[in-house]
Amino acid sequence: MSGDGAREIADAVGAGARRAVDVVAGSLARIERADPVLCAFLDVWDEEALRRAAEVDARVAAGERLPLAGVPVAVKGRRGLRAAEPLLAAGAVVVGATSVPGPGTPWQTWGLGAHGRTVNPWRADRTPGGSSAGAAVAVAAGLVPLATGADGAGSVRIPAAWCGVTGLKVTGGRFPSGDRTGLAAPGILARTAADAGLWWRVVSERDAPPPRLPLTAIWSPGLGFASPDPEPVALARAAVGRLVAAGVVRLARPPVRPSLLDPGPAWLTLRTPGADPRDAHRVRAANDARLHDLFGRADLLLTPTAPTAPHGHDGPGDTYSTALTWAFNLGGHPALSIPAGVGTDGCPAGLQLVAPHDREEVLLTVAEEAERRGAVERPRAPSREETRPLGG
């Protein structure tokens with residue numbers, strides 16, 4: 115597996131110490147070896163990627179300063195290339211389209227690649243989450259350092275949590291979206307928060323000064339309505355403890371525990387053509403008011419990313435994996451999942467950080483500084499033996 119992050123690659127290619135063509139060829143070779151097992155890709159664009167890499171090398175030789183020079187990037191689904199123009203302009207090289215849910219199931223926590231169903235890199239009998247399934251797997255397995263996603267209910271954050279990587283959903287409405295409901299927002303899956311921050315600065319064209327640490331945070335295991343399993347809660351709470359010990363956040367004690375209305379029925383109503391949206395709008399307004407009050411008392415809200423460990427490929431059971439994420443699609447708040455350790459099943463879990471609208475830099479500063487101070491437990495990259503499908 116390649117340990118090179120996006121920042122390291124871009125610095126080396128930009129300085130002339132490495133060639134983009136060689137970096138991209140290495141990524142393509144890793145995909146060729148690993149994807150028959152992982153099934154993370156729908157399409158791999160070998161010839162086009164090598165051609166673009168050669169163009170990047172020429173641009174660097176001509177003196178261009180490219181913040182993503184030579185960085186291999188995967189895009190979510192076959193339509194993902196449409197939104198990749200800022201990345202290409204910054205010197206990134208798109209190597210292929212990652213898997214998304216295929217036909218035949220109503221649930222989104224899986225993926226279907228060119229070689230079959232997408233598997234979790236830590237346990238092939240478990241799902242990687244979805245719908246940005248292949249994106250999370252490609253990053254977790256070291257095939258690419260960055261992969262784009264889209265998050266309509268948790269589709270970036272849940273696979274990030276279950277694959278042990280970083281996943282950022284940006285503020286709703288911040289960028290154009292083809293989602294008629296306005297619930298979906300673009301996002302990125304990255305091996306590190308530093309790489310997610312590099313992506314954010316490219317696509318947002320913002321480089322705001324970092325906020326001063328520690329930031330105040332409020333912890334909520336279930337947001338007042340959900341009943342997550344004990345182990346994801348314990349892992350996320352332990353991750354909060356590491357952030358506090360590292361001086362990155364300071365926990366605030368609100369006079370009452372955070373309590374949102376369950377956003378699930380409202381979310382589903384807004385997704386149903388012809389449904390009466392009035393109750394959904396009331397839930398959204400009530401939760402917006404409660405979150406506005408919460409963010410008047412603290413800079414961040416912290417929760418487990420997913421209420422359960424990764425489920426099997428036969429389906430999610432009775433608990434929505436989106437239970438703790440879709441409130442922030444309904445409200446449009448930016449949210450980030452960082453690794454929170456590994457459960458007894460051998461699969462990673464995540465800690466979700468939520469900030470007020472348009473405060474992505476708050477999320478990224480906390481996550482990047484936590485990494486720098488050794489407060490993030492990132493699972494080691496799984497070997498090919500560990501990803502081998504059970505019984506196959």
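Note that the sequence shown covers residues 115 to 506 in the working numbering. Ideal Cβ positions, reconstructed from N, Cα and C, are used throughout, including at glycine. Since this is a predicted model, take the numbers as computed values, not measurements.
Helix, strand or coil for Ser318? Go by DSSP, reduced to three states.
In the sequence shown, counting from the first residue as 1, residue 318 sits at position 204. Note: Ser318 maps to helix in three-state DSSP.
Opposing strand residues paired with Thr386 [DSSP bridges]
Against the sequence shown, residue 386 aligns to sequence position 272. Answer is none; Thr386 lacks a bridge partner.
Does the stretch 175-190 come close enough to the stretch 120-132 to have 3 or more Cβ pairs within less than 8 Å?
yes
Residues bridged to Gly210 [DSSP beta-bridge criterion]
Residue mapping note: residue 210 aligns to position 96 of the sequence shown, counting from 1. Beta-bridge pairing links Gly210 to Val158 and Ala188.
Run of the beta strand (DSSP E) containing Arg364, from where it starts to where it stops
On the sequence shown, residue 364 is found 250 positions in, with the first residue counted as 1. Membership of Arg364 in the beta strand (DSSP E) is indicated by the continuous run Val363 to Leu365.
Scan the stretch 264-291 and note each continuous alpha helix (DSSP H) run of 4 residues or more that stays entirely inside, going in chain order.
271-277
Would you call the CB atoms of Thr262 and Thr241 closer than 7 Å?
Sequence index remark: in the sequence shown, residue 262 carries index 148 (1-based). Sequence index remark: in the sequence shown, residue 241 carries index 127 (1-based). At a Cβ-Cβ threshold of 7 Å, Thr262 and Thr241 do not count as neighbours.
What are the boundary residues of the alpha helix (DSSP H) that Pro346 is part of?
Residue mapping note: residue 346 aligns to position 232 of the sequence shown, counting from 1. First-last of the alpha helix (DSSP H) with Pro346: Pro344 to Ala359.
Rounded to whole angstroms, how far is the Cβ of Ala139 from the Cβ of Leu156, which I believe are closer than 8 Å?
Within the sequence shown, numbered from 1, the residue matching residue 139 stands at position 25. Within the sequence shown, numbered from 1, the residue matching residue 156 stands at position 42. Wrong, their Cβ atoms sit about 21 Å apart, outside the cutoff.
Between which residues of its own chain and Leu414 is the CB-CB distance below 8 Å, once the five residues before and five after are set aside?
Counting from 1 along the sequence shown, the entry for residue 414 is found at position 300. These residues qualify, in order along the chain: Leu329, Thr330, Ala331, Ile332, Val363, Leu467, Val468, Ala469, Val476, Leu477 and Val480.
By the three-class DSSP mapping on this structure, what secondary structure does Thr262 have?
Locating residue 262 in the sequence shown gives position 148, counting from the first residue. Here Thr262 sits in strand by DSSP.
Contacts around Pro186, its chain only, beta-carbon distance under 6 Å, and the 5 residues preceding and following it disregarded
Sequence index remark: in the sequence shown, residue 186 carries index 72 (1-based). Once the five neighbours on either side are set aside, the close Cβ partners of Pro186 are Val138, Ser141, Val207, Val209 and Val258.
Alpha-carbon spacing of Ala489 relative to Ala454, whole angstroms:
Locating residue 489 in the sequence shown gives position 375, counting from the first residue. Locating residue 454 in the sequence shown gives position 340, counting from the first residue. The alpha-carbon atoms of Ala489 and Ala454 are separated by roughly 10 Å.
Which residues DSSP lists as bridging Pro300, in chain order
For the purposes of this step, residue 300 is taken as residue 186 along the sequence shown, with counting starting at 1. Paired residue(s): Ala264.
Would a C-beta distance cut-off of 7 Å place Arg305 and Val253 closer than the cut-off?
Here the question's residue 305 lines up with position 191 in the sequence shown. Here the question's residue 253 lines up with position 139 in the sequence shown. Yes, Cβ-Cβ distance for Arg305 and Val253 is below 7 Å.
Throw me the rounded Cβ distance for the Ala148 and Ala255 pair, which I believe falls under 8 Å.
As a working mapping, residue 148 is identified with position 34 in the sequence shown. As a working mapping, residue 255 is identified with position 141 in the sequence shown. 6 Å between Cβ atoms; contact.
Looking only at its own chain, which residues have a Cβ that is under 6 Å from the Cβ of Asp160, when we skip the five neighbours before and after it?
If you number the sequence shown from 1, residue 160 lands on position 46. Hits under 6 Å: Leu142.
Tell me where the alpha helix (DSSP H) around Val138 begins and ends.
For this step, residue 138 is matched to residue 24 along the sequence shown. Note, Val138: alpha helix (DSSP H), Ala134 to Leu152.
Is it true that the stretch 229-248 meets the stretch 397-404, where meeting means three or more beta-carbon pairs spaced less than 8 Å apart?
no
Determine the direct distance from the alpha carbon of Lys190 to that of Leu226, and round the result to whole angstroms.
Within the sequence shown, the letter at position 112 stands for residue 226. Within the sequence shown, the letter at position 76 stands for residue 190. When rounded, the distance between both Cα atoms is 12 Å.
Going by C-alpha distance, which of Pro220, Ile302 and Thr295 is nearest Thr520?
Since the first residue shown for the chain is 115 and the last is 506, residue 520 is missing from the structure and cannot be characterised.
Return yes when the Cβ of Cys153 is within less than 7 Å of the Cβ of His229, no when it is not.
As a working note, residue 229 is residue 115 in the sequence shown. As a working note, residue 153 is residue 39 in the sequence shown. Yes, they are a contact pair.
Thr439 and Arg271: beta carbons closer than 7 Å?
As a working note, residue 439 is residue 325 in the sequence shown. As a working note, residue 271 is residue 157 in the sequence shown. Yes, they are a contact pair.
Helix, strand or coil at Cys461 [DSSP, three-state]
Here residue 461 refers to the residue found at position 347 when the sequence shown is read from its first residue. Three-state result, Cys461: coil.
Between the Cα of Val170 and the Cα atoms of Leu201, Val151, Gly311 and Arg196, which residue gives the shortest distance?
As a position in the sequence shown, residue 170 is number 56, starting the count at 1. Ranking Leu201, Val151, Gly311 and Arg196 by Cα distance to Val170 puts Leu201 first.
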